[in-house]
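Trainee: In the numbering used here, the protein residues as written are 6 to 746. The beta-carbon is built from N, C-alpha and C at its ideal position, and this holds for glycine as well. Every value quoted in this text rests on a predicted model; they were computed, and no experiment measured them.
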Amino acid sequence: MFTGTGRWCARRPKRVVATWLLLLATALTALAVFGRVTSEAVSIPGSDSQAAQDVTDRAFPGSPSGRQPVLLHTDATAAPLTAPETAAAVRAAATAVAAVPHVVAVTTPYEPAGAAAMSADGHTAYLSVELDLTGREVTPATTEAVLAAAAPAAAAGIEVTPGGFLAAAVDKGSTGRSEAIGLGTALVILTVTLGSLVAAGLPLLAGIVGLGIALPVIGLAGHLMDVPEAGETIAAMIGLGVGIDYTLFGLSRFRELRAAGVGIEDAAVRTTAGSGKSVAFAGSAVVAALAGLALGGLPLLYALALAPAIAVVTAVGVNLTLLPAVLVLLGKRLAPARSAPDPGARPRGWGRIAALVAARPWPLLLAGLALLGALAAPAVHLHLGQLDAGSKASGTMSRTAYDRMATAFGPGSNGVLQVVDVLPTPAQAQAGGAGAVDPRLAAVTAALRGAEGVAAVAPPTLAADGRTARWQVTPTTAPSDAATTALVHRLRSDVLPAATAGSGQVLHIGGATAAQADLNARIAHRMPLVVGFVLTVAGLLLLLAFRSPIVAVKAAVMNLVSVAAAYGVLSAVFQHGWGAGLIGLEGPVAIPGYVPLLMFAVLFGLSMDYEVFLLSAVRESYLREGDSRRAVVTGLAGTGRIISSAALIMVAVFLSYLLSDDPVVKMFGVGLATAVALDATVVRGLLVPSTMVLLGDRNWWLPGWLDRLLPHLDIEGDGQAPDLAVPADDTTPRPAAQPAR
6 MFTGTGRWCA RRPKRVVATW LLLLATALTA LAVFGRVTSE AVSIPGSDSQ AAQDVTDRAF
66 PGSPSGRQPV LLHTDATAAP LTAPETAAAV RAAATAVAAV PHVVAVTTPY EPAGAAAMSA
126 DGHTAYLSVE LDLTGREVTP ATTEAVLAAA APAAAAGIEV TPGGFLAAAV DKGSTGRSEA
186 IGLGTALVIL TVTLGSLVAA GLPLLAGIVG LGIALPVIGL AGHLMDVPEA GETIAAMIGL
246 GVGIDYTLFG LSRFRELRAA GVGIEDAAVR TTAGSGKSVA FAGSAVVAAL AGLALGGLPL
306 LYALALAPAI AVVTAVGVNL TLLPAVLVLL GKRLAPARSA PDPGARPRGW GRIAALVAAR
366 PWPLLLAGLA LLGALAAPAV HLHLGQLDAG SKASGTMSRT AYDRMATAFG PGSNGVLQVV
426 DVLPTPAQAQ AGGAGAVDPR LAAVTAALRG AEGVAAVAPP TLAADGRTAR WQVTPTTAPS
486 DAATTALVHR LRSDVLPAAT AGSGQVLHIG GATAAQADLN ARIAHRMPLV VGFVLTVAGL
546 LLLLAFRSPI VAVKAAVMNL VSVAAAYGVL SAVFQHGWGA GLIGLEGPVA IPGYVPLLMF
606 AVLFGLSMDY EVFLLSAVRE SYLREGDSRR AVVTGLAGTG RIISSAALIM VAVFLSYLLS
666 DDPVVKMFGV GLATAVALDA TVVRGLLVPS TMVLLGDRNW WLPGWLDRLL PHLDIEGDGQ
726 APDLAVPADD TTPRPAAQPA R
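Right, here's the structure in full:
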């Protein structure tokens with residue numbers, strides 16, 4: 006299949022290139038017409054917070070996005086918002102905002118329903134703006150229209166700052182600068198590695214084309230499902246990294262074949278048949294690992310898995326079809342690899358490292374494990390938390406609104422809880438239904454107000470059906486504070502059951518803070534299942550590829566060690582705040598539950614790339630020479646330079662995203678860069694080869710019954726003469742038999 010695909014594309018290069026350019030133009034045009042949509046909404050089927058949201062939607066029909074605050078603030082030296090002239094300006098602004106398209110209603114702090122929206126000193130207040138839009142439908146244009154309508158307040162010297170979805174729509178940043186820096190760094194590394202500017206530009210071209218198609222597709226998918234902005238950014242990080250790396254491996258194979266005298270078209274075909282096959286295998290491993298996130302049972306995880314999976318699939322498609330076409334078109338301008346070194350020459354670079362590992366496997370194995378263990382130590386204290394607008398960069402609308410709300414109304418005002426009560430029989434209510442006199446509701450109100458950690462409880466609102474009531478509960482602590490999550494659990498397990506025992510009432514606690522607490526609890530519960538699935542899939546894929554249970558199990562264990570080290574660095578930098586200022590953070594921030602889980606799946610998939618390329622070279626040498634130690638030295642010496650160059654490119658791409666203001670993006674940048682760097686150096690350079698040297702021929706032990714069950718897969722081979730069947734990631738051709746160094 007791979008040979009046929011490569012030959013078809015190599016013989017029709019212009020047609021293939023034109024097709025990819027048409028796909029790129031179509032994707033970009035569709036995005037320009039329909040727009041890019043992201044959403045931070047969290048849906049957790051079967052959770053208490055989701056039940057609260059469902060009950061609220063049925064009993065209190067209104068704006069899909071809820072009430073969005075528009076903060077109003079005056080300095081202490083200016084007239085308070087309660088003064089007649091400023092109050093008149095606020096009312097005029099509220100009237101104008103109410104006329105903005107998609108605005109359903111506006112509540113001012115001067116109305117009874119909005120009385121709690123005025124601070125004690127009268128210098129901070131907020132309008133409650135209800136929209137007929139969902140959170141993902143709120144655009145920067147919506148926010149700009151609201152701000153323009155609030156001009157009467159601004160003209161009176163009142164600072165107007167939108168919060169909630171209105172602020173989030175404007176604060177969405179672009180990652181263009183990060184991608185440009187990543188591409189520039191990759192160009193420098195590729196030029197040094199390949200020694201040719203034309204050759205260096207080819208992996209960048211492939212990465213840009215793949216990303217140019219994948220990102221519009223992901224942006225359009227946001228119209229059909231909730232895709233968080235972090236999902237797009239992670240897809241860009243992964244897509245750009247693997248797109249460049251996959252093409253680099255293929256280009257190296259092509260240059261080796263050309264140096265061996267193979268014609269341009271045949272070299273392109275054999276590149277697809279050999280390197281393309283291994284790329285397809287590695288890409289499938291990444292997608293399979295991401296598919297494990299579906300076991301989390303959360304729409305958020307589906308979206309976070311789908312986005313990078315689209316980018317990886319696109320990168321594989323580019324490598325299997327566009328690459329052979331471009332290789333044919335540029336074949337004469339792609340300088341072949343250097344001539345083979347003298348087998349008797351003294352080893353240099355990775356050849357020297359390989360010889361050292363083979364000579365001293367135990368000391369290097371223990372040193373590598375000690376280093377990874379030290380890095381992993383902080384992960385012991387890793388706990389799942391939740392971010393809030395207080396973790397946003399200073400100066401953003403979200404952060405400004407958050408700080409002013411916290412200062413004026415307490416930190417808990419940024420994460421109000423929604424308590425919903427479904428009664429078995431209709432409640433007695435005061436005229437108008439605004440306040441409840443039913444003793445059942447009075448008991449709940451008293452219990453909430455007396456609970457530790459509760460700052461304020463608004464009077465309950467009774468729905469039109471007379472059987473559903475809702476309270477707004479303000480905690481004393483911020484949404485990201487662990488004490489707020491503890492309050493949610495305490496209300497559910499102790500306070501509310503005690504207040505409603507025997508009454509037949511059904512209560513639920515919702516709101517963004519409760520939803521995040523439920524999200525982390527669900528992830529913690531499902532994480533062992535996801536981890537087990539990913540480990541099983543990775544092990545089975547390696548077993549199929551290399552027909553060795555020991556190699557498969559050892560690779561899974563090594564990957565676990567490198568992931569643990571990445572978790573340790575993540576915990577140290579973000580949870581403990583060590584060096585946080587160096588990456589643009591003001592201090593420690595919470596780590597959302599989905600970050601470690603998604604990192605685990607992504608890292609296991611990415612590590613398969615380097616594992617496949619290294620082990621393929623080792624196994625090829627072993628099958629050819631029958632010497633286990635020599636095979637390890639030859640494999641590591643031949644693949645070390647290209648693997649380290651590919652890893653350096655990916656690390657540079659990941660680190661470039663530290664320029665983002667989003668803490669989640671920074672987390673993935675630090676975590677993925679750390680894991681890839683460790684994986685390509687300590688794990689693949691020391692741990693894997695040293696253990697293989699120690700195990701010797703036992704590396705390739707395979708029981709007879711398993712040998713009969715497993716299919717024979719040739720991951721690297723292209724079906725051609727063995728003297729040219731060099732590994733796709735080897736930067737220099739080797740003779741059929743090379744003595745150990």
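1) Output yes or no for whether 8 Å exceeds the beta carbon distance between residue 488 and residue 482.
2) Using only alpha-carbon positions, find the residue among 212, 238, 517 that is nearest to residue 832.
3) Is there contact here, the region 448-468 with the region 368-383, by at least three beta-carbon pairs under 8 Å?
4) From the DSSP output, read off the bridge partner residues of residue 42.
5) In the DSSP assignment, the beta strand (DSSP E) including residue 99 goes from what residue to what residue?
6) Hey, quick one: how far does the alpha helix (DSSP H) through residue 506 stretch, first residue to last?
7) Beta-carbon within less than 7 Å of residue 58's beta-carbon, same chain only, minus the 5 sequence neighbours each way: which residues are those?
8) Tell me the DSSP bridge mates of residue 168?
9) Tell me the start and end of each unbroken alpha helix (DSSP H) in the region 174-256 that is at least 4 residues and wholly inside, in chain order.
10) Does the beta-carbon of residue 708 have 16 or more other beta-carbons within 10 angstroms, so that it is buried, or is it exposed?
11) Can you give me the C-alpha to C-alpha distance between residue 628 and residue 550, rounded to a whole angstrom?
12) According to the Cβ coordinates, are residue 392 and residue 485 closer than 8 Å?
13) Residue 410 and residue 168 - do their beta-carbons sit closer together than 8 Å?
14) Would you identify the three-state DSSP class for residue 696, choosing helix, strand or coil?
15) What three-state label does DSSP hand residue 321 in the structure shown?
16) Identify, in the order they occur along the chain, each residue of the same chain with its Cβ nearer than 6 Å to the Cβ of residue 329, setting aside the five sequence neighbours on each side.
17) Answer yes or no: do residue 253 and residue 332 have a C-beta to C-beta separation smaller than 8 Å?
18) Below 8 Å on the Cβ atoms is my guess for residue 298 versus residue 542; work out the distance and round it to an integer in Å.
19) From residue 158 to residue 397, what does the alpha carbon distance come to, in whole angstroms?
20) So, residue 377 versus residue 138, is the Cβ gap smaller than 8 Å?
21) Around the C-beta of residue 717, are 16 or more other C-beta atoms found within 10 angstroms, so that it is buried, or is it exposed?
22) Which full runs of the beta strand (DSSP E) of 3+ residues lie inside the region 397-438, going along the chain?
23) For residue 35, which of 152, 225, 219 has the nearest alpha-carbon?
24) Note down, in chain order, each residue of its chain lying with its Cβ closer than 7 Å to the Cβ of residue 496, except the 5 sequence neighbours on either side.
25) Figure out for me which residue from 574, 492, 598 has the closest Cα to the Cα of residue 527.
26) Please classify residue 499: is it buried, with 16 or more other beta-carbons within 10 angstroms of its beta-carbon, or exposed?
27) Quick check on the DSSP output: the beta strand (DSSP E) that includes residue 625 runs from which residue to which?
28) With distances taken from CA atoms, which of 98, 126, 107 is nearest residue 153?
29) Looking at residue 105 and residue 77, is the spacing between their C-beta atoms short of 8 Å?
30) Between residue 315 and the rest of its own chain, which residues show a CB-CB distance below 7 Å, the 5 nearest in sequence each way excluded?
31) Using a Cβ-Cβ cutoff of less than 6 Å, which residues in the same chain neighbour residue 415 once the five nearest sequence positions on both sides are dropped?
32) Near residue 336, what residues of its chain come up, given a Cβ to Cβ distance below 6 Å and the 5 sequence neighbours on each side ignored?
33) Which whole-angstrom value describes the C-beta separation of residue 654 and residue 191, a residue pair presumed to lie in contact below a C-beta threshold of 8 Å?
34) Would the region 305-324 count as touching the region 196-204 if we require 3 or more Cβ pairs under 8 Å?
35) Relative to the C-alpha of residue 48, which candidate in 589, 518, 181 has its C-alpha closest?
36) Spell out a yes or no on whether the region 700-707 and the region 671-685 are touching, meaning 3 or more CB-CB pairs, one atom from each, closer than 8 Å.
Mentor: Looking at the coordinates:
1) Translated into positions along the sequence shown, residue 488 becomes position 483. Translated into positions along the sequence shown, residue 482 becomes position 477. Closer than 8 Å, so yes.
2) Given that the chain is displayed from residue 6 to residue 746, the structure contains no residue 832 and the question cannot be resolved.
3) no
4) Your numbering for residue 42 matches position 37 in the sequence shown. Within the DSSP secondary-structure output, residue 42 pairs in no beta bridge.
5) Locating residue 99 in the sequence shown gives position 94, counting from the first residue. Run containing residue 99: none in the beta strand (DSSP E); it sits in the alpha helix (DSSP H), 89-103.
6) Indexing the sequence shown from 1 puts residue 506 at position 501. Premise fails: residue 506 is in no alpha helix (DSSP H) and is neither H nor E.
7) Position 53 of the sequence shown, counting from 1, holds the residue named residue 58. Here the set comprises 515.
8) The residue you call residue 168 lines up with position 163 of the sequence shown. Bridge partners of residue 168: none, in fact.
9) Positions of the alpha helix (DSSP H) runs, each at least 4 residues long and wholly inside the region 174-256, are given as 181-199, 202-226 in order along the chain.
10) For the purposes of this step, residue 708 is taken as the residue at position 703 of the sequence shown. When all chains shown are included, residue 708 counts as exposed.
11) Here residue 628 corresponds to residue number 623 of the sequence shown, with the count starting at 1. Here residue 550 corresponds to residue number 545 of the sequence shown, with the count starting at 1. One Cα belongs to residue 628, the other to residue 550, and the distance between them is close to 14 Å.
12) In the sequence shown, residue 392 corresponds to position 387, counting from 1. In the sequence shown, residue 485 corresponds to position 480, counting from 1. Yes; because the gap between Cβ atoms is below 8 Å, this pair is in contact.
13) Here residue 168 corresponds to residue number 163 of the sequence shown, with the count starting at 1. Here residue 410 corresponds to residue number 405 of the sequence shown, with the count starting at 1. Going by C-beta atoms, residue 168 is nearer than 8 Å to residue 410.
14) Against the sequence shown, residue 696 aligns to sequence position 691. Residue 696 falls in the helix class under three-state DSSP.
15) Counting from 1 along the sequence shown, the entry for residue 321 is found at position 316. The answer is helix: DSSP assigns residue 321 an H, G or I state.
16) Numbered from its first residue, the sequence shown carries residue 329 at position 324. Excluding sequence neighbours, residue 329 sits near 11, 14, 15, 273, 277.
17) As a working note, residue 253 is residue 248 in the sequence shown. As a working note, residue 332 is residue 327 in the sequence shown. No, the Cβ-Cβ distance between residue 253 and residue 332 is not below 8 Å.
18) Within the sequence shown, residue 298 is the residue found at index 293, counting from 1. Within the sequence shown, residue 542 is the residue found at index 537, counting from 1. Going by Cβ atoms, the distance from residue 298 to residue 542 rounds to 12 Å, so no, they are not a contact pair.
19) Taking the first residue of the sequence shown as 1, we reach residue 158 at position 153. Taking the first residue of the sequence shown as 1, we reach residue 397 at position 392. So the alpha carbons of these two residues sit roughly 26 Å apart.
20) What you label residue 377 is simply residue 372 of the sequence shown in a count that begins at 1. What you label residue 138 is simply residue 133 of the sequence shown in a count that begins at 1. Taking 8 Å as the Cβ cut-off, residue 377 and residue 138 do not qualify as a contacting pair.
21) Position 712 of the sequence shown, counted from the start, is the residue given in the question as residue 717. Around the CB of residue 717, fewer than 16 other CB atoms lie within 10 Å, so the residue is classed as exposed.
22) 422-427
23) Position 30 of the sequence shown holds residue 35. Residue 35 has its Cα closest to that of 225, out of 152, 225, 219.
24) On the sequence shown, residue 496 is found 491 positions in, with the first residue counted as 1. If we look at residue 496 and ignore the five residues flanking it on each side, its Cβ neighbours are 456, 514.
25) Taking the first residue of the sequence shown as position 1, residue 527 is located at position 522. Selected option, being the one with the closest Cα: 598.
26) To locate residue 499, count along the sequence shown from 1; it is residue 494. With fewer than 16 other beta carbons inside 10 angstroms of its own, residue 499 counts as exposed.
27) Translated into positions along the sequence shown, residue 625 becomes position 620. Element bounds for residue 625: not the beta strand (DSSP E) but the alpha helix (DSSP H), 599-630.
28) Translated into the one-based positions of the sequence shown, residue 153 becomes position 148. The shortest C-alpha separation from residue 153 is found at 98.
29) By 1-based counting over the sequence shown, the position of residue 77 is 72. By 1-based counting over the sequence shown, the position of residue 105 is 100. Contact: no.
30) Taking the first residue of the sequence shown as position 1, residue 315 is located at position 310. Answer for residue 315: 219, 222, 223, 240, listed in chain order.
31) Residue mapping note: residue 415 aligns to position 410 of the sequence shown, counting from 1. Here the set comprises 460.
32) Translated into the one-based positions of the sequence shown, residue 336 becomes position 331. Once the five neighbours on either side are set aside, the close Cβ partners of residue 336 are 269.
33) Counting from 1 along the sequence shown, the entry for residue 654 is found at position 649. Counting from 1 along the sequence shown, the entry for residue 191 is found at position 186. Indeed they touch by this definition, with Cβ atoms about 5 Å apart.
34) no
35) Locating residue 48 in the sequence shown gives position 43, counting from the first residue. Out of 589, 518, 181, 518 has the C-alpha closest to the C-alpha of residue 48.
36) no
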